[in-house]
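Down below is the structure, laid out as C-alpha coordinates.
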Amino acid sequence: MDDFRIESLHGIHAILYALFDKDEKLDRAAMRRQTEICLASGVHGMAGLGLATEASKLDEVERMAIMEWLVEDTAGQVPVVLTIFGASVEEQVRQARHAARAGADWLILQPPMVGQFSAAEYIRFFGRVADQTELPLAIQNAPALMGRGLTAADIRELVRQHPNIRLVKGEGPVVDIAHLIEVTEGRLPVFNGRAGLELLENLRIGCHGLILAPDSIDYAVRAYEFFSDGWDEHAQEAYRQMLPGVVFTMQGIETLLCYGKRLFGERAGITIHDRAPAMRPTAIGIEMTRRYAAAMGGFS
(Lines of atoms letter the chains of each structure in order from A; the text may use other names.)
(Lines give C-alpha, C1' and ligand atoms only; values in the text may rest on other atoms or scores of the structure.)
Protein backbone atom coordinates (compact mmCIF):
# COMPACT_ATOMS: atom_id res chain seq x y z
CA MET A 1 0.00 0.00 0.00
CA ASP A 2 1.32 3.43 -0.90
CA ASP A 3 0.13 4.96 2.39
CA PHE A 4 1.09 2.01 4.61
CA ARG A 5 2.25 2.82 8.15
CA ILE A 6 3.19 0.03 10.53
CA GLU A 7 1.83 2.07 13.46
CA SER A 8 -1.64 1.96 11.92
CA LEU A 9 -1.97 -1.82 11.73
CA HIS A 10 -5.08 -3.06 13.44
CA GLY A 11 -8.06 -5.31 13.09
CA ILE A 12 -8.72 -8.71 11.60
CA HIS A 13 -6.22 -9.97 9.03
CA ALA A 14 -6.92 -13.15 7.04
CA ILE A 15 -4.17 -15.67 6.41
CA LEU A 16 -4.57 -17.83 3.33
CA TYR A 17 -5.04 -21.56 3.34
CA ALA A 18 -3.01 -23.39 0.70
CA LEU A 19 -5.71 -24.65 -1.67
CA PHE A 20 -4.77 -27.60 -3.89
CA ASP A 21 -6.40 -29.25 -6.88
CA LYS A 22 -7.06 -32.99 -7.19
CA ASP A 23 -3.47 -33.50 -8.38
CA GLU A 24 -2.14 -31.80 -5.20
CA LYS A 25 -0.92 -28.76 -7.11
CA LEU A 26 -1.68 -25.22 -5.93
CA ASP A 27 -5.01 -24.12 -7.37
CA ARG A 28 -4.48 -20.58 -8.66
CA ALA A 29 -8.17 -19.86 -9.24
CA ALA A 30 -9.18 -21.10 -5.77
CA MET A 31 -6.42 -19.04 -4.14
CA ARG A 32 -7.65 -15.92 -5.94
CA ARG A 33 -11.24 -16.64 -4.91
CA GLN A 34 -10.14 -17.05 -1.30
CA THR A 35 -8.55 -13.61 -1.29
CA GLU A 36 -11.63 -12.09 -2.93
CA ILE A 37 -13.87 -13.56 -0.21
CA CYS A 38 -11.65 -12.19 2.54
CA LEU A 39 -11.56 -8.71 1.01
CA ALA A 40 -15.33 -8.74 0.54
CA SER A 41 -15.68 -9.68 4.21
CA GLY A 42 -13.99 -6.41 5.18
CA VAL A 43 -10.65 -7.66 6.48
CA HIS A 44 -8.14 -5.04 7.57
CA GLY A 45 -5.18 -6.93 6.11
CA MET A 46 -4.13 -10.09 4.26
CA ALA A 47 -1.43 -12.60 5.16
CA GLY A 48 0.21 -15.60 3.57
CA LEU A 49 2.63 -18.45 4.21
CA GLY A 50 2.11 -19.00 7.92
CA LEU A 51 1.13 -22.27 9.54
CA ALA A 52 -2.31 -22.17 7.89
CA THR A 53 -0.69 -21.92 4.45
CA GLU A 54 1.26 -25.16 5.08
CA ALA A 55 4.51 -23.47 4.09
CA SER A 56 6.50 -26.55 5.10
CA LYS A 57 4.72 -28.55 2.34
CA LEU A 58 5.52 -25.97 -0.33
CA ASP A 59 8.79 -25.71 -2.19
CA GLU A 60 10.52 -22.38 -2.51
CA VAL A 61 9.11 -21.68 -5.97
CA GLU A 62 5.57 -22.27 -4.68
CA ARG A 63 6.11 -20.01 -1.67
CA MET A 64 7.37 -17.24 -3.94
CA ALA A 65 4.38 -17.74 -6.25
CA ILE A 66 1.95 -17.32 -3.34
CA MET A 67 3.73 -14.10 -2.38
CA GLU A 68 3.19 -12.73 -5.87
CA TRP A 69 -0.41 -13.95 -6.14
CA LEU A 70 -1.46 -12.43 -2.82
CA VAL A 71 -0.01 -9.01 -3.62
CA GLU A 72 -1.56 -9.13 -7.10
CA ASP A 73 -4.99 -10.22 -5.88
CA THR A 74 -5.07 -7.75 -3.00
CA ALA A 75 -4.18 -4.90 -5.40
CA GLY A 76 -3.25 -2.46 -2.66
CA GLN A 77 -6.65 -2.57 -0.95
CA VAL A 78 -5.24 -3.62 2.44
CA PRO A 79 -1.76 -4.19 3.89
CA VAL A 80 -0.10 -7.51 3.02
CA VAL A 81 2.16 -9.47 5.35
CA LEU A 82 4.12 -12.57 4.38
CA THR A 83 5.62 -15.12 6.74
CA ILE A 84 9.21 -16.07 5.97
CA PHE A 85 9.84 -19.81 6.14
CA GLY A 86 13.30 -21.33 5.86
CA ALA A 87 15.77 -23.64 7.56
CA SER A 88 18.75 -21.30 7.28
CA VAL A 89 19.55 -17.61 7.44
CA GLU A 90 20.39 -17.67 3.72
CA GLU A 91 17.05 -19.20 2.77
CA GLN A 92 15.06 -16.79 4.92
CA VAL A 93 16.95 -13.76 3.58
CA ARG A 94 16.29 -14.96 0.02
CA GLN A 95 12.58 -15.33 0.78
CA ALA A 96 12.44 -11.94 2.53
CA ARG A 97 14.03 -10.20 -0.43
CA HIS A 98 11.58 -11.82 -2.83
CA ALA A 99 8.66 -10.79 -0.60
CA ALA A 100 9.91 -7.20 -0.65
CA ARG A 101 10.24 -7.24 -4.44
CA ALA A 102 6.75 -8.73 -4.75
CA GLY A 103 5.33 -5.80 -2.80
CA ALA A 104 4.77 -7.01 0.78
CA ASP A 105 4.20 -4.27 3.35
CA TRP A 106 5.66 -6.17 6.31
CA LEU A 107 7.05 -9.60 7.16
CA ILE A 108 6.74 -12.19 9.90
CA LEU A 109 9.87 -14.16 10.75
CA GLN A 110 9.25 -17.77 11.75
CA PRO A 111 11.80 -19.83 13.66
CA PRO A 112 13.44 -22.50 11.49
CA MET A 113 11.64 -25.82 11.87
CA VAL A 114 14.84 -27.79 12.38
CA GLY A 115 16.11 -28.77 15.80
CA GLN A 116 15.43 -26.99 19.08
CA PHE A 117 17.94 -24.43 20.33
CA SER A 118 18.53 -21.89 23.07
CA ALA A 119 16.86 -18.49 23.12
CA ALA A 120 20.23 -16.88 22.42
CA GLU A 121 20.57 -18.91 19.22
CA TYR A 122 17.12 -17.88 17.99
CA ILE A 123 17.82 -14.25 18.84
CA ARG A 124 21.02 -14.37 16.77
CA PHE A 125 19.20 -16.12 13.92
CA PHE A 126 16.33 -13.63 13.79
CA GLY A 127 18.75 -10.75 14.12
CA ARG A 128 20.85 -11.82 11.14
CA VAL A 129 17.74 -12.02 8.96
CA ALA A 130 16.36 -8.74 10.30
CA ASP A 131 19.58 -6.92 9.49
CA GLN A 132 19.20 -7.80 5.79
CA THR A 133 15.77 -6.32 5.10
CA GLU A 134 14.35 -2.83 5.44
CA LEU A 135 10.73 -3.93 5.79
CA PRO A 136 9.06 -3.80 9.23
CA LEU A 137 9.18 -7.21 10.89
CA ALA A 138 7.24 -9.26 13.38
CA ILE A 139 8.35 -12.40 15.19
CA GLN A 140 6.02 -15.38 15.17
CA ASN A 141 6.00 -16.78 18.67
CA ALA A 142 3.93 -19.96 18.81
CA PRO A 143 5.71 -22.44 21.11
CA ALA A 144 2.59 -24.54 21.68
CA LEU A 145 2.12 -25.11 17.94
CA MET A 146 5.73 -25.05 16.74
CA GLY A 147 7.60 -26.58 19.68
CA ARG A 148 10.00 -23.63 19.82
CA GLY A 149 9.69 -20.02 20.87
CA LEU A 150 10.90 -17.14 23.00
CA THR A 151 9.87 -15.75 26.37
CA ALA A 152 8.52 -12.23 26.74
CA ALA A 153 11.90 -11.12 28.09
CA ASP A 154 13.68 -12.71 25.11
CA ILE A 155 11.43 -10.81 22.71
CA ARG A 156 12.08 -7.55 24.56
CA GLU A 157 15.84 -8.11 24.14
CA LEU A 158 15.49 -9.02 20.47
CA VAL A 159 13.56 -5.82 19.76
CA ARG A 160 16.13 -3.79 21.69
CA GLN A 161 18.90 -5.13 19.45
CA HIS A 162 17.00 -4.87 16.14
CA PRO A 163 14.63 -1.88 15.94
CA ASN A 164 13.05 -2.92 12.64
CA ILE A 165 11.38 -5.77 14.57
CA ARG A 166 8.21 -3.86 15.35
CA LEU A 167 5.50 -6.41 16.21
CA VAL A 168 4.79 -9.87 17.59
CA LYS A 169 2.52 -12.49 16.03
CA GLY A 170 1.43 -14.62 18.96
CA GLU A 171 -0.40 -17.93 19.16
CA GLY A 172 -1.26 -18.22 22.80
CA PRO A 173 -3.87 -17.84 25.54
CA VAL A 174 -4.88 -14.35 26.58
CA VAL A 175 -3.10 -14.64 29.93
CA ASP A 176 0.21 -15.32 28.14
CA ILE A 177 -0.32 -12.52 25.64
CA ALA A 178 -1.19 -10.12 28.47
CA HIS A 179 2.13 -10.98 30.13
CA LEU A 180 3.99 -10.25 26.90
CA ILE A 181 2.28 -6.86 26.59
CA GLU A 182 3.15 -6.10 30.22
CA VAL A 183 6.83 -7.07 29.87
CA THR A 184 7.24 -5.02 26.69
CA GLU A 185 5.40 -2.13 28.38
CA GLY A 186 2.82 -1.96 25.61
CA ARG A 187 5.39 -0.62 23.16
CA LEU A 188 5.22 -3.64 20.87
CA PRO A 189 1.96 -4.16 18.94
CA VAL A 190 0.75 -7.75 19.30
CA PHE A 191 -1.51 -9.72 16.98
CA ASN A 192 -2.82 -13.04 18.26
CA GLY A 193 -4.22 -15.95 16.28
CA ARG A 194 -5.54 -19.36 17.42
CA ALA A 195 -8.43 -19.19 14.90
CA GLY A 196 -10.08 -16.48 17.01
CA LEU A 197 -10.31 -18.19 20.40
CA GLU A 198 -10.81 -15.53 23.09
CA LEU A 199 -11.16 -12.93 20.33
CA LEU A 200 -12.79 -10.22 22.42
CA GLU A 201 -10.57 -10.85 25.44
CA ASN A 202 -7.53 -10.38 23.20
CA LEU A 203 -8.85 -6.95 22.24
CA ARG A 204 -9.63 -6.05 25.84
CA ILE A 205 -6.05 -6.66 26.97
CA GLY A 206 -4.64 -4.47 24.22
CA CYS A 207 -3.99 -6.68 21.17
CA HIS A 208 -4.05 -4.58 18.02
CA GLY A 209 -5.90 -7.37 16.24
CA LEU A 210 -5.80 -11.00 15.17
CA ILE A 211 -4.51 -12.91 12.15
CA LEU A 212 -6.93 -15.72 11.38
CA ALA A 213 -7.62 -18.39 8.79
CA PRO A 214 -10.66 -17.44 6.72
CA ASP A 215 -13.29 -20.04 7.69
CA SER A 216 -15.12 -17.57 10.01
CA ILE A 217 -13.39 -14.38 8.93
CA ASP A 218 -16.63 -12.47 8.25
CA TYR A 219 -17.86 -13.08 11.80
CA ALA A 220 -14.48 -12.09 13.23
CA VAL A 221 -14.52 -8.81 11.30
CA ARG A 222 -18.06 -8.16 12.51
CA ALA A 223 -17.09 -8.84 16.13
CA TYR A 224 -14.06 -6.55 15.86
CA GLU A 225 -16.02 -3.69 14.30
CA PHE A 226 -18.79 -3.92 16.88
CA PHE A 227 -16.23 -4.02 19.70
CA SER A 228 -14.38 -1.00 18.30
CA ASP A 229 -17.65 0.94 18.13
CA GLY A 230 -18.48 0.08 21.74
CA TRP A 231 -21.34 -2.26 20.86
CA ASP A 232 -20.24 -5.00 23.23
CA GLU A 233 -23.43 -7.07 23.10
CA HIS A 234 -23.37 -7.17 19.31
CA ALA A 235 -19.67 -8.07 19.36
CA GLN A 236 -20.37 -10.89 21.80
CA GLU A 237 -23.18 -12.21 19.60
CA ALA A 238 -20.97 -12.27 16.48
CA TYR A 239 -18.29 -14.07 18.48
CA ARG A 240 -20.85 -16.52 19.88
CA GLN A 241 -21.93 -17.44 16.35
CA MET A 242 -18.41 -18.28 15.19
CA LEU A 243 -17.25 -19.96 18.41
CA PRO A 244 -18.51 -23.56 17.89
CA GLY A 245 -16.61 -23.82 14.60
CA VAL A 246 -13.53 -22.22 16.15
CA VAL A 247 -13.48 -24.66 19.06
CA PHE A 248 -13.96 -27.60 16.66
CA THR A 249 -11.15 -26.64 14.28
CA MET A 250 -8.61 -25.21 16.74
CA GLN A 251 -7.64 -28.42 18.49
CA GLY A 252 -4.24 -28.49 16.83
CA ILE A 253 -2.69 -27.26 13.61
CA GLU A 254 -3.46 -30.48 11.71
CA THR A 255 -7.11 -30.29 12.80
CA LEU A 256 -7.27 -26.72 11.53
CA LEU A 257 -5.77 -27.74 8.20
CA CYS A 258 -8.17 -30.65 7.84
CA TYR A 259 -11.46 -29.27 9.13
CA GLY A 260 -10.92 -25.52 9.21
CA LYS A 261 -10.06 -25.60 5.54
CA ARG A 262 -13.13 -27.71 4.84
CA LEU A 263 -15.33 -25.35 6.85
CA PHE A 264 -14.08 -22.56 4.63
CA GLY A 265 -14.65 -24.69 1.54
CA GLU A 266 -18.24 -25.52 2.54
CA ARG A 267 -19.04 -21.85 3.11
CA ALA A 268 -17.21 -20.70 -0.05
CA GLY A 269 -18.36 -23.42 -2.43
CA ILE A 270 -14.77 -24.58 -3.04
CA THR A 271 -13.85 -28.27 -3.14
CA ILE A 272 -10.99 -29.05 -0.78
CA HIS A 273 -8.14 -31.39 -1.69
CA ASP A 274 -5.23 -32.28 0.60
CA ARG A 275 -1.53 -32.51 -0.17
CA ALA A 276 -0.01 -35.57 1.46
CA PRO A 277 0.89 -36.19 4.18
CA ALA A 278 -2.27 -34.88 5.78
CA MET A 279 -4.87 -35.62 8.42
CA ARG A 280 -7.81 -37.18 6.56
CA PRO A 281 -11.37 -36.24 7.52
CA THR A 282 -13.73 -38.79 9.00
CA ALA A 283 -17.42 -39.14 8.26
CA ILE A 284 -18.25 -37.68 11.68
CA GLY A 285 -15.86 -34.81 11.10
CA ILE A 286 -17.41 -34.01 7.73
CA GLU A 287 -20.88 -34.13 9.25
CA MET A 288 -19.83 -31.68 11.98
CA THR A 289 -18.14 -29.40 9.45
CA ARG A 290 -21.27 -29.23 7.31
CA ARG A 291 -23.45 -28.55 10.33
CA TYR A 292 -21.25 -25.65 11.45
CA ALA A 293 -21.11 -24.32 7.88
CA ALA A 294 -24.90 -24.45 7.57
CA ALA A 295 -25.30 -22.57 10.85
CA MET A 296 -22.89 -19.84 9.71
CA GLY A 297 -24.18 -19.65 6.15
CA GLY A 298 -22.24 -18.97 2.98
CA PHE A 299 -20.04 -15.96 2.40
CA SER A 300 -22.12 -13.08 1.12
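When we follow our numbering, the leftmost residue of the sequence shown carries the number 1, and every step to the right adds one.
Quick reminder that beta carbons are idealized off the backbone N, C-alpha and C, glycines included.
Note that the structure is a prediction, hence the values are computed from the model and not measured.
Which of helix, strand or coil DSSP assigns to residue i
{"i": "I165", "result": "strand"}
{"i": "G209", "result": "strand"}
{"i": "V81", "result": "strand"}
{"i": "F4", "result": "coil"}
{"i": "W69", "result": "helix"}
{"i": "V183", "result": "helix"}
{"i": "F125", "result": "helix"}
{"i": "I260", "result": "It is Gly, not Ile, that sits at residue 260 in the sequence shown. Correct three-state label for G260: helix."}
{"i": "L197", "result": "coil"}
{"i": "G48", "result": "strand"}
{"i": "Q132", "result": "coil"}
{"i": "L107", "result": "strand"}
{"i": "G170", "result": "strand"}
{"i": "Q140", "result": "strand"}
{"i": "L26", "result": "strand"}
{"i": "G11", "result": "strand"}
{"i": "V190", "result": "strand"}
Beta-carbon spacing of residue i, residue j below 8 Å
{"i": "G209", "j": "G193", "result": "no"}
{"i": "L51", "j": "I84", "result": "no"}
{"i": "Q161", "j": "V129", "result": "no"}
{"i": "L199", "j": "A220", "result": "yes"}
{"i": "E62", "j": "A102", "result": "no"}
{"i": "A65", "j": "C38", "result": "no"}
{"i": "M250", "j": "L180", "result": "no"}
{"i": "F126", "j": "L167", "result": "no"}
{"i": "L257", "j": "A276", "result": "no"}
{"i": "A184", "j": "R156", "result": "Per the sequence presented here, residue 184 reads as Thr, with Ala not at that position. The answer is yes: Cβ separation under 8 Å."}
{"i": "A119", "j": "D154", "result": "yes"}
{"i": "P111", "j": "A87", "result": "no"}
{"i": "V80", "j": "A55", "result": "no"}
{"i": "I270", "j": "R32", "result": "no"}
{"i": "E263", "j": "G252", "result": "As written in the sequence, residue 263 is Leu, which differs from the Glu given in the question. Result no, Cβ atoms of L263 and G252 do not sit closer than 8 Å."}
Residues near residue i in its chain [Cβ-Cβ closer than 8 Å; skip 5 each side]
{"i": "R267", "result": "D215, A293, M296, G297, G298 and F299"}
{"i": "N202", "result": "V174, I177, N192 and L210"}
{"i": "M310", "result": "Past the edges of the chain, shown from 1 to 300, lies residue 310, and the structure says nothing about it."}
{"i": "R280", "result": "C258 and D274"}
{"i": "V89", "result": "F125, R128 and V129"}
{"i": "D131", "result": "H162"}
{"i": "A99", "result": "M67, L82, I84, L107 and L135"}
{"i": "A40", "result": "F299 and S300"}
{"i": "I123", "result": "L150, D154, E157, L158 and Q161"}
Neighbourhood of residue i by C-beta, 7 Å cutoff - its chain only, sequence neighbours within 5 removed
{"i": "R302", "result": "Examination of residue 302 is not possible in this model, given that the chain is present from 1 through 300 alone."}
{"i": "F226", "result": "H234, A235 and A238"}
{"i": "D27", "result": "L19, F20 and D21"}
{"i": "A195", "result": "L212, A213, V246, T249, M250, L256 and G260"}
Through-space distance from residue j to residue i, alpha-carbon basis
{"i": "F4", "j": "A283", "result": "45 Å"}
{"i": "A314", "j": "G11", "result": "Limits of the chain in this structure are 1 at one end and 300 at the other, which puts residue 314 out of reach."}
{"i": "L9", "j": "L137", "result": "12 Å"}
{"i": "Y17", "j": "A47", "result": "10 Å"}
{"i": "E182", "j": "E121", "result": "24 Å"}
{"i": "E134", "j": "E60", "result": "21 Å"}
{"i": "L82", "j": "I286", "result": "31 Å"}
{"i": "G42", "j": "T35", "result": "11 Å"}
{"i": "L305", "j": "Q140", "result": "With the chain represented from 1 up to 300, any question about residue 305 goes unanswered, as that position is not in the structure."}
{"i": "G172", "j": "E7", "result": "23 Å"}
{"i": "D230", "j": "I217", "result": "According to the sequence provided, residue 230 is Gly. The question's Asp does not apply to it. Their backbone Cα atoms lie some 20 Å apart in a straight line."}
{"i": "V71", "j": "G115", "result": "32 Å"}
{"i": "R290", "j": "N164", "result": "44 Å"}
{"i": "G206", "j": "D232", "result": "16 Å"}
{"i": "V190", "j": "V78", "result": "18 Å"}
{"i": "T255", "j": "K25", "result": "21 Å"}
{"i": "H44", "j": "K261", "result": "21 Å"}
{"i": "A30", "j": "L58", "result": "16 Å"}
{"i": "L150", "j": "L49", "result": "21 Å"}
{"i": "G265", "j": "S228", "result": "29 Å"}
Contacts around residue i, its chain only, beta-carbon distance under 6 Å, and the 5 residues preceding and following it disregarded
{"i": "K22", "result": "H273"}
{"i": "Y224", "result": "G11 and I12"}
{"i": "T53", "result": "L16 and A18"}
{"i": "Q95", "result": "I84 and G86"}
{"i": "Q241", "result": "Y219"}
{"i": "R222", "result": "A238"}
Quick one: complete alpha helix (DSSP H) runs, 4+ long, within the segment 200-251?
Entirely contained in the segment 200-251, the alpha helix (DSSP H) runs reaching 4 residues are, in chain order, 217-228 and 232-249.
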